[in-house]
């Protein structure tokens, strides 16, 4: 059971890393205007 929690947390950490990569040099207004990046992040948040 502890191992499962660890894998779940690892998935969350990896998702956050990817989201940071996607939005690294992006201002919030740019993010709001970029539907592809928004959808990528939403999809990444849902994959666990």
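Residue numbers (this note's numbering): 7 to 54.
Think of the CB as a built atom: it goes at the ideal place given N, C-alpha and C, for glycine as much as any other residue.
Cutoff 7 Å; reference residue i; Cβ partners in own chain excluding five residues on either side
i: residue 50; result: 21, 24 and 25
Cβ-Cβ distance between residue i and residue j below 8 Å
i: residue 47; j: residue 34; result: no
Backbone CA spacing between residue i and residue j [nearest angstrom]
i: residue 39; j: residue 32; result: 11 Å
i: residue 42; j: residue 19; result: 22 Å
i: residue 13; j: residue 36; result: 33 Å
N-terminal and C-terminal residue of the alpha helix (DSSP H) that residue i is part of
i: residue 35; result: 34-39
i: residue 17; result: 8-28
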